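Numbering (full-length UniProt numbering), first residue to last: 1 to 964.
C-beta: ideal position from N, C-alpha, C; glycine also.
Note that the structure is a prediction, hence the values are computed from the model and not measured.
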């Protein structure tokens, strides 16, 4: 076709497009009109829907705003909640507190309680209940609308919230308060993943009452009518980086909140703040309420009638508790949501059990971990360790494990081995042959200049690391003088990589064997004090608590560093939990026996996998007292085993202080002795072998070994039910307010009371709760009435008393815990005189090393003992409760405390084995009756017997009573 023809055809097409026929033009215009009509209709519909949704909201808000007049609390009917919790930061910036207060539109008054705030919140601000989304027997779900409250000083206040209240069980309630998601708020806020859900709800022990304006709620105990959580008197504040909620306390008797440096079990309510921010702050040289390694946002409140409840604020962000004498408690957080768990108890022990059953029961520890742990740090080579072990053996000092410090690695780098410790594997195997264990100190940061397997694979194949914000670069920190990467343990692929790396290094390559791991620096630590981070809301938040260093990322990585699930700002406080959880799963996959994981850092629920070392203390009386508080308190937070190094870590050792610290440590769930440097340079070892301290140490360790059958049974109860292994006296006697201030005594289980001298001069008096008490060693009786009584303090003897109504079990003292286990079982019975000479107890025994033995019939045996009176006869009933484990042990001694005179006759299994009563020992002064079953019964009385029945006649006259 010619070019002219093509141009002619193109012109005709263009002419046709321009000159359409009239009918086609009309159809086109109609179509355009239809499109315009459709667009207008859609727009009108959108406007109508918008007005229908938001106009009532605006009108209601305006109406509500007119109804609310800001009111200042008087401090008597309503608590005064500090509106300047960051006052030190304000003062450092040169700002006047009064001007800052008025700028925040809070109340200002210089009158009021001494120590109380001058600037405080109005009490009627907050939110109103706008809409009920769901209302059923077990669930209440509300939408809240913010009233005309002034913007909080943290800015970015959120206008719409949702409140979801779920009755999980008869004694567990969960309350979640979080932003309502809509087209403006598409992203879900950070909240800790939790699997806790409703279980069995039959007859709740609590009920909830609500108020609509401002929205508030009360949780009330059904049986007594006692309010246990009450938000009516203070405002709810919810902004992007500042959350605040206040509850009126049922009483001023509040325990818990951690981890902080504390001088007492019970809290001081005189306007005290308790900060929670995981740090590298050590207990030594710390001021009271200093935030330490872990975050446990939980408290226990004993009510006026002795009932108790426990509350957990499940939040991992930097936070603090603020206590007032109202009494009230305010929880503040710099992020996340309100995720509140309330456990109704009603006893302190039951509330703790409910808490642990929700967040994870502690695993039963290996038996060797109950014995003394020797920590060796800064040792130059394995020869120093060998020398220390040899000296300990020669001194006949009992110990069960050696903790080897970071020196076994090259520059403290994971998955490397120092050539000066090349034969450490031989030491481990030798210790195992002696029934002893080895614990390795590790740091979960990976050196980025080491061409080892985990690093090279991680960097070349996958991104396993915490990343910089906005860049595909791994965060590089500085730790122990080297550059490191931090694994992102929130990722499943990192957990798998971690498992493979651990298995390859410790099993496949057989570099070194171990029985336990101690993790250090378990929050991402960066010692580079000169680093800078991007200036954004994460690294420079609008609000910081006074306790937080400036900048907030000091001694850690930048707060905007990225994990798979969130930012470091949200993960910092819970990072240790992710590391330990991943490690526990890894070890469980390739190690068949129980292992031990120990850490300084932890979070709610970490106790299911790890035990807790409390860190370093000064060798001073103040620090000694603080170590006792922390040790016992950790049992409340879910750690069955916790403790500090005996005699402290820094300063000169005082002989009297060290003597009492040794006794306290031997009666702590975790007993540790720390040695540093080479043996010749270690002052602690020299001191422990002088001034009679070695005798104290030896006798204390022997006492611990002898009590392990009773101790191990308490660890079984912790693993099975969440029962705290140790507890303050107040938790066992909550009805007696005098017990609340006892800080130097605690209960092992519910049967054994420990009393320690915590001041120069030793123990001078002991608090005896109401009931019968017996000296552990001799059986001397004391009638307790809730008052102090004089104490007999012996240098080589720890003050122990058995509670009336108890049966406890002991064994021989040998060189290790395992050696001691395979001897005999002795029975001590402390009669409850007021309950007609009754007593009871349980004994748990297993193979000491296999996993999950309480659930395996062939690997454990649980035995119950019941003592009661029938006219002039006393009967000891022994029954197997569960398990078929063959212990091959026999009973040797029975000691009965609380009789008036020597029984006239005693038999085993009715008349089948009569015991020659003339050979039984009667201590008339202490009223203690001693029966040796090994010498006075023809054949052994075995633990493996399904049924035993001891019977004695006489001895039930009223005994002499020494009142406390």
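Does DSSP put residue i in a helix, in a strand, or in coil?
i	result
residue 5	With a pLDDT of 48 at residue 5, under the threshold of 50, the modelled position of this residue cannot be trusted, and the question is left open.
residue 101	helix
residue 148	coil
residue 574	helix
residue 778	coil
residue 92	helix
residue 487	strand
residue 558	coil
residue 928	strand
residue 702	helix
residue 770	coil
residue 319	strand
residue 478	strand
residue 110	coil
Leaving out five residues on either side along the sequence, give the residues of the same chain with a beta carbon under 7 Å from the beta carbon of residue i.
i	result
residue 759	621
residue 186	Residue placement at residue 186 cannot be trusted, given a pLDDT of 48 that sits under 50; what the coordinates show is reported in the next sentence. Within the same chain, residue 186 has no close Cβ partners at all.
residue 386	427
residue 207	220, 222
residue 258	294, 296, 633, 637
residue 664	628, 756
residue 199	168, 169
residue 723	349, 353, 717
Only counting the same chain, and skipping five residues up and downstream in sequence, which positions put a Cβ closer than 6 Å to that of residue i?
i	result
residue 114	none
residue 333	243, 315, 317, 319
residue 874	952
residue 482	411, 447
residue 828	808, 895
residue 932	893
residue 857	883, 884
Following the continuous beta strand (DSSP E) through residue i, name the residue where it begins and the one where it ends.
i	result
residue 893	890–897
residue 979	Residue 979 is absent from the model: the chain starts at 1 and stops at 964.
residue 239	237–239
residue 259	254–260
Under the DSSP definition of a beta bridge, which residues are partnered with residue i?
i	result
residue 949	877
residue 210	217
residue 608	Answer is none; residue 608 lacks a bridge partner.
residue 518	441, 598
residue 374	402, 673
residue 414	BP columns for residue 414 are empty, so no partner.
residue 650	618
residue 298	312
residue 920	Per DSSP, none; premise fails for residue 920.
Can you tell which of the options has the C-alpha that lies nearest to the C-alpha of residue i?
i	options	result
residue 82	477, 236, 322	322
residue 582	563, 548, 502	502
residue 973	792, 390, 832	The shown model of the chain, from 1 to 964, leaves out residue 973, and the question about it has no answer.
residue 367	849, 71, 859, 180	849
residue 602	568, 227, 297	297
residue 595	437, 284, 350	437
residue 826	925, 847, 893, 739	893
residue 202	176, 213, 172, 190	172
residue 306	349, 271, 193	349
residue 725	607, 161, 380	607
residue 660	639, 670, 696, 671	696
Terminal residues of the continuous alpha helix (DSSP H) containing residue i?
i	result
residue 832	Run containing residue 832: none; DSSP gives neither H nor E here.
residue 665	655–666
residue 547	Run containing residue 547: none; DSSP gives neither H nor E here.
residue 634	621–636
residue 887	Neither: residue 887 is in no alpha helix (DSSP H) and is coded neither H nor E.
residue 868	Segment 860–870 is the beta strand (DSSP E) holding residue 868; no alpha helix (DSSP H) there.
residue 817	817–821
residue 746	No alpha helix (DSSP H) contains residue 746, which is instead part of the beta strand (DSSP E) from 745–748.
Ignore the nearest five residues each way along the sequence and tell me which others in residue i's own chain have a CB closer than 8 Å to its CB.
i	result
residue 460	Since pLDDT at residue 460 reaches only 47, below the 50 mark, its modelled position is unreliable, and no value is offered.
residue 506	512, 513, 514
residue 102	108
residue 831	772, 804, 805, 837, 838, 839, 867, 896, 897, 898, 899
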